[in-house]
Amino acid sequence: MTSIAYLISAVALGGVGIFLMVDSSIALIKREHPTIGSFELFGMTIWFGWAMIAALVYSVVPPVIFGRLKVEPARTLHDKTLWADALMNKADWMTGAAAVVGILGIGMGWWWADAAAAIVIALDVLHDGFKHTGAAIRDLCDEMPRTIDDNEFSPLIEEAEGHIRRLPWVRDSRLRLREEGRFLTGTIYVVPREATVSPERIEALEAELLDLHWRMHDVSIVPCTGVKPPDGSFQALRLRADAVQGSG
């Protein structure tokens with residue numbers, strides 16, 4: 013359910029970006045020249061733009077505060093739905109900031125300023141929306157776990173792999189982990205140095221892995237005679253990434 017909620021949030025974020033892009037592009041194509049009038053207050057003529065800017069600045073304060081407050085809990089809890097909500101708050105205040113820039117531009121006679129600023133913001137929102145929509149789809153397809161910002165594989169994978177390979181009775185290993193909401197589950201194949209391995213050792217290793225991090229949950233150890241990384245394994249993907257970096 014967490015992955016589905018993350019997907020819905022990411023799609024909603026991308027939808028906001030698409031709406032901003034289409035709406036602003038239409039305004040530029042039609043060459044709409046918006047006008048901002050004025051009003052009388054205590055005998056003074058005041059430009060409506062200042063009142064609009066004041067309202068926009070007031071409206072962007074809550075998204076800035078709440079968005080930043082959500083980032084650290086989202087990282088700590090690895091809550092991708094909360095992370096996507098923080099990105100939505102970011103989109104809210106960036107849209108408000110773009111509107112302020114647009115109003116100032118209109119006041120200076122730049123009719124295109126509002127639409128141009130909105131398009132720039134829409135590109136950033138679209139990037140976040142598409143990036144995290146792809147991440148949510150990969151989560152549903154049981155890809156190897158990644159960090160909450162989807163920039164790299166989860167460090168817990170290497171931590172678990174290193175812990176296993178340091179054991180004196182393990183000759184080789186291969187991990188097949190996936191995300192189940194906030195938790196990591198899956199199977200770890202180990203090649204023991206001896207012909208047989210006791211059930212006590214297997215149970216002890218499973219307990220050690222669960223103690224590595226609170227996100228490790230329901231990990232099964234399967235002894236086998238040999239492991240060969242398939243194309244989708246963490247080891248194969250890491251080797252492929254190293255090869256690409258080396259060729260660059």
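Just add 12 to wherever you are in the sequence shown, counting from 1, and you've got my numbering.
Glycine included, each C-beta is placed from N, C-alpha and C at the ideal position.
These numbers were taken from a predicted model, which means no experiment stands behind them.
Residue nearest to residue i in terms of C-alpha spacing, selected from the options
i	options	result
Ala134	Gly108, His225, Thr47 and Trp122	Gly108
Val69	Ala111, Leu94 and Asn101	Ala111
Ala17	Asp97, Lys82, Arg43 and Phe31	Asp97
Phe31	Thr159, Leu138, Gly174 and Glu155	Leu138
Thr237	Leu224, Thr208 and Ile214	Thr208
Val83	Ile160, Leu221 and Leu224	Ile160
Arg177	Leu221, Ile115, Arg190 and Asp151	Leu221
Leu189	His175, Asn101 and Met156	Met156
Any non-hydrogen atom of the ligand PLP within 7 Å of residue i CB
i	result
Leu179	The ligand PLP is absent from the structure shown, which contains no ligand whatsoever.
Close beta carbons around residue i, own chain, < 7 Å, minus the five adjacent residues each side
i	result
Ala39	Ala127
Trp124	Leu40
Ala148	Ser15, Tyr18, Leu19 and Ala22
Glu212	none
Lys143	Asp162
Asp140	Leu25 and Leu99
Asp173	The displayed chain sequence assigns Glu, not Asp, to residue 173. These residues qualify, in order along the chain: Ser185 and Leu187.
Beta-carbon proximity list for residue i, same chain, < 6 Å, skipping 5 on both sides
i	result
Trp105	Val72, Pro75 and Val76
Ala24	none
Leu217	Ile233
Leu151	In the sequence under discussion, the amino acid at residue 151 is Asp, which differs from the Leu named in the question. Here the set comprises Ser15 and Glu191.
Ala323	Residue numbering for the chain in the displayed model covers 13 to 260; residue 323 lies beyond these limits and cannot be assessed.
Ser36	Ala127, Ala130 and Ile131
Boundaries of the alpha helix (DSSP H) in which residue i is found, first to last residue
i	result
His175	Pro167 to Arg177
Glu215	Pro211 to Leu224
Thr47	From DSSP, Thr47 is part of no alpha helix (DSSP H); its letter is neither H nor E.
Asp35	Thr14 to Ile41
Ile133	Ala125 to Leu152
Own chain, CB closer than 8 Å to residue i, minus 5 neighbours either side, in chain order
i	result
Ser50	Thr57, Ile58, Trp59 and Phe60
Continuous beta strand (DSSP E) stretch holding residue i: start and end
i	result
Phe51	Ser50 to Leu53
Thr197	Phe195 to Pro204
Met120	Note, Met120: premise wrong, no beta strand (DSSP E); not H, not E.
Arg186	Val182 to Glu192
Three CB pairs or more closer than 8 Å across the segment 74-90 and the segment 46-65: By the Cβ test, the segment 74-90 is not in contact with the segment 46-65, since fewer than three Cβ pairs between them sit closer than 8 Å.
Touch check for the segment 161-176 and the segment 122-136: three-plus C-beta pairs under 8 Å? no
Within 8 Å, do at least three Cβ pairs link the segment 178-198 to the segment 223-237? These segments touch.
Mind the definition here: the segment 173-187 touches the segment 201-216 only if three or more C-beta pairs lie below 8 Å; say whether that holds. yes
At 4 residues or longer, and completely inside the segment 49-109: list those alpha helix (DSSP H) runs for me, N to C. Fully enclosed alpha helix (DSSP H) runs of 4 or longer: 60-89.
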